[in-house]
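In order, the protein sequences belong to chains A and B. Residue numbering for the first sequence follows full-length UniProt numbering, beginning at 1 and increasing consecutively. Residue numbering for the second sequence follows full-length UniProt numbering, beginning at 1 and increasing consecutively. For reference, the structure discussed in these notes is given below.
Protein chains: 2
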Amino acid sequence: MDDSLTRPSSPAGLSCYMAVSQFLGLALIAMTGAWMGQYRGGIAWESSLQFNVHPLCMVIGMVFLQGDALLVYRVFRNETKRSTKILHGLLHAFALVIALVGVIAVFDYHRKKGFADMYSLHSWCGITAFSLYFIQWLMGLSFFLFPGASFSLRSKYKPQHVFFGIFLFILSIATCLLGIMEMLLFNIKATYSSFVPEGILANVLGLLLIVFGLVIGYILTRDEWKRPPLAEELALSMDFKNLTMGESPSSSP
Amino acid sequence: MDDSLTRPSSPAGLSCYMAVSQFLGLALIAMTGAWMGQYRGGIAWESSLQFNVHPLCMVIGMVFLQGDALLVYRVFRNETKRSTKILHGLLHAFALVIALVGVIAVFDYHRKKGFADMYSLHSWCGITAFSLYFIQWLMGLSFFLFPGASFSLRSKYKPQHVFFGIFLFILSIATCLLGIMEMLLFNIKATYSSFVPEGILANVLGLLLIVFGLVIGYILTRDEWKRPPLAEELALSMDFKNLTMGESPSSSP
Numbered sequence: 001m002d003d004s005l006t007r008p009s010s011p012a013g014l015s016c017y018m019a020v021s022q023f024l025g026l027a028l029i030a031m032t033g034a035w036m037g038q039y040r041g042g043i044a045w046e047s048s049l050q051f052n053v054h055p056l057c058m059v060i061g062m063v064f065l066q067g068d069a070l071l072v073y074r075v076f077r078n079e080t081k082r083s084t085k086i087l088h089g090l091l092h093a094f095a096l097v098i099a100l101v102g103v104i105a106v107f108d109y110h111r112k113k114g115f116a117d118m119y120s121l122h123s124w125c126g127i128t129a130f131s132l133y134f135i136q137w138l139m140g141l142s143f144f145l146f147p148g149a150s151f152s153l154r155s156k157y158k159p160q161h162v163f164f165g166i167f168l169f170i171l172s173i174a175t176c177l178l179g180i181m182e183m184l185l186f187n188i189k190a191t192y193s194s195f196v197p198e199g200i201l202a203n204v205l206g207l208l209l210i211v212f213g214l215v216i217g218y219i220l221t222r223d224e225w226k227r228p229p230l231a232e233e234l235a236l237s238m239d240f241k242n243l244t245m246g247e248s249p250s251s252s253p
Numbered sequence: 001m002d003d004s005l006t007r008p009s010s011p012a013g014l015s016c017y018m019a020v021s022q023f024l025g026l027a028l029i030a031m032t033g034a035w036m037g038q039y040r041g042g043i044a045w046e047s048s049l050q051f052n053v054h055p056l057c058m059v060i061g062m063v064f065l066q067g068d069a070l071l072v073y074r075v076f077r078n079e080t081k082r083s084t085k086i087l088h089g090l091l092h093a094f095a096l097v098i099a100l101v102g103v104i105a106v107f108d109y110h111r112k113k114g115f116a117d118m119y120s121l122h123s124w125c126g127i128t129a130f131s132l133y134f135i136q137w138l139m140g141l142s143f144f145l146f147p148g149a150s151f152s153l154r155s156k157y158k159p160q161h162v163f164f165g166i167f168l169f170i171l172s173i174a175t176c177l178l179g180i181m182e183m184l185l186f187n188i189k190a191t192y193s194s195f196v197p198e199g200i201l202a203n204v205l206g207l208l209l210i211v212f213g214l215v216i217g218y219i220l221t222r223d224e225w226k227r228p229p230l231a232e233e234l235a236l237s238m239d240f241k242n243l244t245m246g247e248s249p250s251s252s253p
């Protein structure tokens with residue numbers, strides 16, 4: 001059978017929102033880079049510029065890549081579920097590694113400078129988001145990629161995985177906003193109120209982070225844009241339904 | 001017919017999560033009050049304590065009441081749709097009035113002290129959240145409470161209203177987190193890093209704001225906890241379906 005007949009293309013609205021999300025995501029990375037480059041002296045590992053690695057890595061890992069990992073089931077809607085799952089897991093893994101570099105950068109910078117760690121609300125939210133993100137990744141891996149978990153266990157865990165996935169993405173963005181606020185009040189507290197360019201750039205970056213989250217959230221919550229099951233998955237699911245029809249519907253607590 | 005037969009009680013899990021959300025909401029207000037009372041000299045309108053009205057009003061209005069307004073369709077699931085809608089609109093109106101007092105408090109305080117307005121990321125997010133919240137309320141009123149809008153227009157707008165409602169609630173919480181961060185760095189920047197009690201209290205308040213949002217978000221997104229249509233609404237909806245069955249299903253763009 002002709003592939004173009006069995007595999008419908010993405011809905012038009014979805015492609016448009018996807019394009020906007022990618023444009024916004026790249027703009028976030030460019031603006032964070034511009035902020036560090038233009039106003040904070042640039043980026044380097046072995047100097048006092050090591051701190052600047054932190055914002056850039058967190059925006060790339062915990063915002064852009066995490067957001068894109070959430071979208072793979074909408075974009076690659078006609079690929080097999082297994083390959084989409086692997087891409088979803090890989091993008092999250094990639095996000096985790098880049099975020100880890102960002103976390104190490106700030107701890108290492110604090111250690112070299114003799115600054116205290118983990119006292120601010122930003123750091124509390126950040127370490128919570130990063131740890132839970134890692135746990136969520138491990139749980140996703142064990143439930144959905146390893147063959148151990150049964151079909152019914154996967155079905156029960158899936159809504160929780162999706163809910164906490166979106167929650168962690170929102171928490172990551174909120175943590176970035178706190179980081180922007182903290183960085184501005186540490187660096188330009190005296191001039192921030194006179195609308196200096198650095199303050200405006202960072203504020204606009206904050207608003208764009210929110211808009212990025214809004215667009216990704218919108219794409220994820222449209223029912224009509226959810227990945228439809230492929231023909232072979234539908235057949236499998238019907239078989240499963242027939243097999244379990246005899247069970248009591250109130251067997252779960 | 002016996003009322004207890006036709007009106008099933010709320011699902012057990014929902015009641016439990018509801019109780020937790022209300023406990024958290026009251027804890028948020030108590031903690032904000034304790035912060036202002038214990039460490040910031042208390043609250044008064046006609047003095048430099050006027051600023052302290054701001055955090056308290058915003059937490060009560062934009063977080064606690066806004067959150068509770070989102071829950072009314074889950075809690076009062078057996079009341080008529082019209083009375084639930086009115087309660088939903090009234091709670092949001094009440095939230096808006098209290099938040100407005102909070103907004104006036106901070107602008108008035110800045111004016112008296114000669115401080116600049118609207119330069120921080122917190123203020124940008126706050127004014128965005130408050131303005132959009134007011135617009136969302138006006139749109140909800142005109143679409144769902146005034147009789148002008150048609151059934152099909154309401155059905156089209158409803159998912160957008162729900163999505164933006166949850167978005168504005170999240171944005172309000174994020175703005176509170178930014179406010180906490182800003183207030184701490186303005187008041188206790190020198191001692192914040194030595195884990196002083198005020199810093200810890202405010203950080204814990206920030207984490208509780210996130211947990212409050214998490215619990216409300218969890219309640220709102222459980223399909224099985226959504227308000228089931230009452231018998232008479234179901235009949236009405238079937239009538240509507242029969243009336244419109246002849247229309248082309250692809251009539252919307």
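For every residue, glycine included, the Cβ atom is placed at its ideal position computed from N, Cα and C.
Query: Quick one: measure Cβ to Cβ for B/A129 and B/L168, integer angstroms, because I've assumed they're closer than 8 Å.; Result: 6 Å
Query: For A/P147, does the three-state DSSP call read helix, strand or coil?; Result: coil
Query: Classify B/C57 as buried or exposed, calling it buried when 16 or more other Cβ atoms lie within 10 Å of its own Cβ.; Result: buried
Query: Please list the partners that B/H122 has in chain A, where partner means a Cβ-to-Cβ separation under 8 Å.; Result: M181
Query: Determine the DSSP secondary structure at A/Y119, reduced to helix, strand or coil.; Result: coil
Query: Using a Cβ-Cβ distance cut-off of 8 Å, determine whether B/S252 contacts chain A.; Result: Because the pLDDT at B/S252 is just 35, under 50, the model does not fix this residue reliably, and the value given afterwards should be weighed accordingly. Output row for B/S252: interface = no.
Query: Can you check whether the C-beta of A/S155 is within less than 8 Å of a C-beta belonging to chain B?; Result: no
Query: Kindly indicate if chain A contains any beta-carbon less than 8 Å away from that of B/F195.; Result: yes
Query: Please list, in chain order, the chain B residues whose beta carbon lies closer than 7 Å to that of A/N203.; Result: L121 and W124
Query: Just the Cα atoms here: how many angstroms apart are B/R111 and B/L184?; Result: 21 Å
Query: Just to confirm, are B/L209 and B/L177 a CB contact at a threshold of 8 Å?; Result: yes
Query: According to DSSP, is A/A44 part of a helix, a strand, or is it coil?; Result: coil
Query: Check whether the region 215-234 of chain A touches the region 64-84 of chain A, counting contact only when three or more Cβ pairs, one atom from each stretch, lie closer than 8 Å.; Result: yes
Query: In the structure shown, what three-state DSSP assignment does A/T80 receive?; Result: coil
Query: Closer than 6 Å by C-beta to A/G206: which residues in its own chain qualify, once you throw out the five before and the five after it? Chain order, please.; Result: L177 and I180
Query: Report yes or no: is there a C-beta of chain C within less than 8 Å of the C-beta of B/Y192?; Result: No chain C appears in this structure, whose protein chains are A and B.
Query: Would you mind reading off the limits of the alpha helix (DSSP H) that contains B/M58?; Result: V53 to M58
Query: In chain order, what residues of the same chain have a beta carbon less than 8 Å from the beta carbon of B/Y192, not counting five sequence neighbours either side?; Result: L184, L185 and G199
Query: Shorter than 8 Å from the beta carbon of B/A19 to some beta carbon of chain A?; Result: no
Query: Using a Cβ-Cβ distance cut-off of 8 Å, determine whether A/E218 contacts chain B.; Result: The identity of residue 218 of chain A in the sequence shown is Tyr, whereas the question assumes Glu. Yes - at least one Cβ of chain B is within 8 Å of the one on A/Y218.
Query: Compare the C-beta of B/F169 against all C-beta atoms of chain A and say whether one is closer than 8 Å.; Result: no
Query: Which residues in the same chain as A/W45 place their Cβ atom closer than 8 Å to its Cβ, once the five residues preceding and following it in sequence are excluded?; Result: V53 and A105
Query: List, in order along the chain, the chain B residues whose C-beta lies closer than 9 Å to that of A/I188?; Result: By Cβ distance, chain B contributes nothing, its closest Cβ being about 11 Å from A/I188, past 9 Å.
Query: Could you check which residue in A/L71, A/T175 and A/Y39 has the C-alpha nearest to that of A/R222?; Result: A/L71
Query: Quick one: is B/V63 buried, meaning 16 or more other Cβ sit within 10 Å of its Cβ, or exposed?; Result: buried
Query: So, for A/A149: in the same chain, excluding its five sequence neighbours on each side, which residues have a beta-carbon less than 6 Å away from its beta-carbon?; Result: F143
Query: Taking 8 Å as the threshold (C-beta atoms), are B/G217 and B/I166 in contact?; Result: yes
Query: Identify the continuous alpha helix (DSSP H) that holds B/V75 and give its terminal residues.; Result: Q66 to V75
Query: Short of 7 Å in beta carbon distance, which residues of its chain neighbour B/S120, apart from the five on each side in sequence? Order them along the chain.; Result: E182
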